[in-house]
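Quick note: the sequence shown, position 153, residue 156 per my numbering, numbers continuous.
From the three backbone atoms N, C-alpha and C, an ideal C-beta is built for every residue, glycine too.
As the structure is a prediction and not an experimental result, all values here were calculated from the model.
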Amino acid sequence: MNEVVKYEKRGTTAVVTMNRPEYRNAQNSAMTYALDAAFQQAVDDDEVSVIVLAGAGKHFSAGHDIGTPGRDVDVHYDNTAIMWWDHVGKKGGDLRYAREMEVYLGMCRRWREIPKPVIAMVQGACIAGGLMLAFVCDFIVAAEDAFFADPVVRMGIPGVEYFAHPWVIGPRAAKEILFTGDRFSVQRAYEWGMVNRVVPSEHLETETLAIAERIAAMPRFGLALTKRAVNQCEDAMGMRNGIDSVFGLHHFAHAHNAEVGPDSLGGMDTKSMKSAAQ
Ligand code: ZN
4 MNEVVKYEKR GTTAVVTMNR PEYRNAQNSA MTYALDAAFQ QAVDDDEVSV
54 IVLAGAGKHF SAGHDIGTPG RDVDVHYDNT AIMWWDHVGK KGGDLRYARE
104 MEVYLGMCRR WREIPKPVIA MVQGACIAGG LMLAFVCDFI VAAEDAFFAD
154 PVVRMGIPGV EYFAHPWVIG PRAAKEILFT GDRFSVQRAY EWGMVNRVVP
204 SEHLETETLA IAERIAAMPR FGLALTKRAV NQCEDAMGMR NGIDSVFGLH
254 HFAHAHNAEV GPDSLGGMDT KSMKSAAQ
């Protein structure tokens, strides 16, 4: 069976794995909704204390699907994250805003509020939409070969839809990675406080599961309240309002691109984004 997301239980840990390794786990809507269903399953299972989010193959996630054969922008899915009409059959900003509110920003916010600790287990590429997923996790354990980037300024767009960068890595580092679009190493991510642990690639899974087990020893309700406590403080530091205001700029950029150029992505696709990468 070719599932886009795999779900397995390892003791008290649920491991949710993005499973499109042939496309470096590019996220199409099928994957987004499958992730949401897997997270819901882990939340509902009283035996699960901690969730690990992983990517099959060499890479965690190369970002949103902007060009694989499985790209499913025009496919209808029932909204899960927000109360809004479906984007399918709409036009222009009406389409883009509805879709990105639901599939990108809404889902990320929903997953950030999962009442159980979520650990991102990252190897290889963690780019753009992949970075968003790592941002919403509570903990990031990364292999030595992991690298990160948000290169969407090349499309003329001020960062990905879930704009947590200034809160996660600080304003100066945020400007550096956005202005250059360059990849940054796991070591820099660690120095900026974005990554909790850097481990040898061959130990990534065992180290991540060991941390999950350590966390699972704590009382479940206490963990849920503690997660909310930190998230609420982060929002009190302006993150929620900041992301909302930047989402407006993000959509202004999409609309500007569509008005003056070939499409809302500034004519960029997977190939041109990849060849511009450093
Ligand atoms: Zn967008």
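Secondary structure of residue i, DSSP reduced to three states
i: residue 210; result: helix
i: residue 268; result: coil
i: residue 180; result: helix
i: residue 138; result: helix
i: residue 58; result: strand
i: residue 42; result: helix
i: residue 187; result: strand
i: residue 143; result: strand
i: residue 220; result: coil
i: residue 123; result: strand
i: residue 115; result: helix
Buried or exposed by the 16-neighbour rule on C-beta atoms within 10 Å, applied to residue i
i: residue 315; result: There is no way to answer for residue 315, as the model of the chain reaches only from 4 to 281.
i: residue 338; result: With the chain represented from 4 up to 281, any question about residue 338 goes unanswered, as that position is not in the structure.
i: residue 244; result: exposed
i: residue 279; result: exposed
i: residue 217; result: exposed
i: residue 119; result: buried
i: residue 88; result: exposed
Residues bridged to residue i [DSSP beta-bridge criterion]
i: residue 129; result: 64, 151
i: residue 16; result: 13, 53
i: residue 30; result: 67
i: residue 8; result: 21
i: residue 201; result: 145
Below-8 Å beta-carbon distance, residue i vs any chain B residue
i: residue 129; result: Among the chains in the structure shown there is no chain B, since it carries only a single protein chain.
_Taking 8 Å as the cut-off, does the stretch 142-154 touch the stretch 72-88 (at least 3 CB pairs, one atom from each stretch)?_
no
*Can at least three beta-carbon pairs, one atom from the stretch 56-68 and one from the stretch 21-38, be found at a separation below 8 Å?*
yes
*Can you find at least 3 beta carbon pairs, one from the stretch 181-194 and one from the stretch 227-237, that sit closer than 8 Å?*
no
*Do the stretch 253-263 and the stretch 158-170 touch if we need at least three Cβ pairs shorter than 8 Å?*
yes
*asked:* When you compare the stretch 170-179 with the stretch 204-224, are there three or more beta-carbon pairs, one atom per stretch, that lie closer than 8 Å?
replied: no
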